[in-house]
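One structure is given here, and the rest of the page talks about it.
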Amino acid sequence: MTTAATATPPAGDTRQIVPPEDRYATELAFLAAHDTGPRPPGWRLTPHAVVTFVMGSAGEPLALPADAEAPGGLPRRLVIEQKFVGERALVERCVITLAGERGLLLVGEPGTAKSLLSELLAAAVCGTSALTVQGTAGTTEDQLKYGWKYALLLAQGPSRTALVPSPVLSAMTTGAVARVEEITRCLPEVQDALVSLLSERRVAVPELAGGPDAQLHAAPGFALIATANLRDKGVSEMSAALKRRFNFETVGPIADLDTETALVRRQARAAVERTGARYGVDDTVLEVLVTAFRELRGGRTAEGWEVERPSTVMSTAEAVSVATALGLATAYFPAGRDPLRLLPGHLLGVVRKDDPADAARLLGYWDGAVRRRAEAGATTWRTLWDLRAVLED
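If you want my numbering, it's the 1-based position in the sequence shown plus 231.
Now the structure itself:
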């Protein structure tokens, strides 16, 4: 998997979520000055610099070339923060797809940071991640192509001035990156509006037939990134024609326990500290939390014991939410609040989201892995075993 690293919003920013093009504006400007190699048409950074922006500089400061200016008071040396935890090869393949002006489809289970990766790529390539359509069952073809200012349309008739471009059409005509979130939640006939757009690289406007705006063409640099949670209920199967217009990349869970634990710690601490409170969940609790999530997700413990997997997606994003909740509980209700004793109740809340029967699967995990570790003398797991009754309420 994959998810975001912690970042500090710009000073004085009152937005809960700051777009990456604003949050990391200094890094983007620095990388544009640092790497002056060849860039695909319309790109603000080189492909190599885009990957560096997403994956970071491994803690090492990058230095501007001696003959390069530092515009706008940029530092001459800067460490690029890692923003996405995942395989570098995956990010490189994504960048190559966009450089070739192919559609990029990021697929995987919920909570694996597909949207985050699409935002970071769009911000690095064209400077904005805002040209986005959120796919739902109510998404219409107009939201992927264009609509009209109806008062102006009635008063003056069809014209380019009366046309309201969709985010996708705006990206096309300006050579930017468009994003379609949850594309498989759109109805099949709406999805297929993208087929001609991605193959012919133009949008026909029949209402303007006979004039110069009858067809609106894609400018160099236009690309489209879509995401899909193929496991979710209520999705619509993509047509073969649309699938051929995309390169598919699967974003999977984080492979390493320590890496996932560190990421959960960073994000949960940042979320709690944004409220002005101190994060008070120790590493032992976080390691147990992440271990439980990983074992329930994978269906097997570190010792090799089989575990019945719940139908709920036990994603890293959910683990961050639980770790944040534990941190907030101990910050706001400190008296007698042991975060380890709160953990079973929060885990039960997660697994019950999709299927009430998953509560029995969590109880089976307690009767198996948790009990065996408790009997082996693990103090933390013994405490959890003693809390088994919480899962029976």
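A virtual CB, placed ideally from N, CA and C, is assigned to each residue, including glycine.
Mind checking residue i: buried by the 16 CB within 10 Å criterion, or exposed?
i: Gln374; result: buried
i: Ser430; result: exposed
i: Ile248; result: exposed
i: Leu321; result: buried
i: Thr328; result: buried
i: Gly317; result: buried
i: Ala605; result: buried
i: Lys584; result: exposed
i: Ser546; result: buried
i: Asp617; result: exposed
i: Ala289; result: exposed
i: Glu537; result: exposed
i: Ala588; result: exposed
i: Ala607; result: exposed
i: Glu291; result: exposed
i: Arg246; result: exposed
i: Ser542; result: exposed
i: Thr267; result: exposed
i: Thr555; result: buried
i: Glu413; result: buried
i: Arg410; result: buried
i: Val519; result: buried
i: Arg525; result: buried
i: Phe315; result: buried
i: Arg254; result: buried
i: Gly369; result: exposed
i: Met232; result: Low confidence applies here, because Met232 scores a pLDDT of 45, under 50, leaving its location unreliable; read the following figure in that light. Buried: at least 16 other Cβ atoms inside 10 Å.
i: Thr561; result: buried
Is the beta carbon of residue i sitting closer than 9 Å to the one on residue j?
i: Gly349; j: Asp423; result: Here residue 349 turns out to be Ser, not Gly, going by the sequence shown. No; because the gap between Cβ atoms is not below 9 Å, this pair is not in contact.
i: Arg275; j: Val364; result: no
i: Cys417; j: Thr367; result: yes
i: Leu559; j: Val521; result: no
i: Ala454; j: Leu335; result: yes
i: Arg432; j: Glu534; result: no
i: Leu615; j: Ala590; result: no
i: Leu594; j: Arg613; result: no
i: His265; j: Ala294; result: yes
i: Leu337; j: Ile456; result: yes
i: Leu473; j: Val408; result: no
i: Val544; j: Gln498; result: no
i: Gly406; j: Gly580; result: no
i: Pro251; j: Leu351; result: yes
i: Lys376; j: Leu439; result: no
i: Arg496; j: Leu527; result: no
i: Leu571; j: Val553; result: no
i: Gly331; j: Glu312; result: no
i: Val326; j: Val282; result: yes
i: Leu262; j: Phe284; result: yes
i: Ser467; j: Pro419; result: yes
i: Asn460; j: Thr415; result: yes
i: Ala508; j: Tyr563; result: yes
i: Gly511; j: Pro451; result: no
i: Arg476; j: Val399; result: no
i: Thr257; j: Pro269; result: no
i: Arg592; j: Arg540; result: yes
i: Ser401; j: Gly378; result: no
Name, in chain order, the residues that DSSP records as bridge partners for residue i.
i: Pro292; result: Val310
i: Asn478; result: Leu335
i: Arg410; result: Thr363 and Ile456
i: Pro396; result: Tyr377
i: His279; result: According to DSSP, which records beta bridges pairwise, His279 is partnered with nothing at all.
i: Leu447; result: Val434
Just to confirm, does residue i get its C-beta within under 8 Å of one of the non-hydrogen atoms of the ligand HEM?
i: Pro437; result: Although the ligand HEM was asked about, the structure shown includes no ligands whatsoever.
Would you please verify whether the beta carbon of residue i is less than 9 Å from any beta carbon of chain D?
i: Asp266; result: In the structure shown, chain D does not exist; there is a single protein chain.
- Task: Just list the beta strand (DSSP E) runs in the region 490-569, keeping only unbroken ones of 3 residues or longer that don't cross its boundaries, in chain order.
- Result: none
- Answer yes if the region 301-308 comes into contact with the region 480-493, meaning at least three C-beta pairs across the two stretches below 8 Å, and no otherwise. no
- Task: Evaluate the contact criterion for the region 332-346 versus the region 376-393: three or more CB pairs, one atom per stretch, below 8 Å.
- Result: no
- Between the region 428-446 and the region 482-493, are three or more C-beta pairs nearer than 8 Å? no
- Query: Fully enclosed by the region 239-269, which alpha helix (DSSP H) runs are 4 residues long or longer?
  - Reply: 251-254 and 256-265
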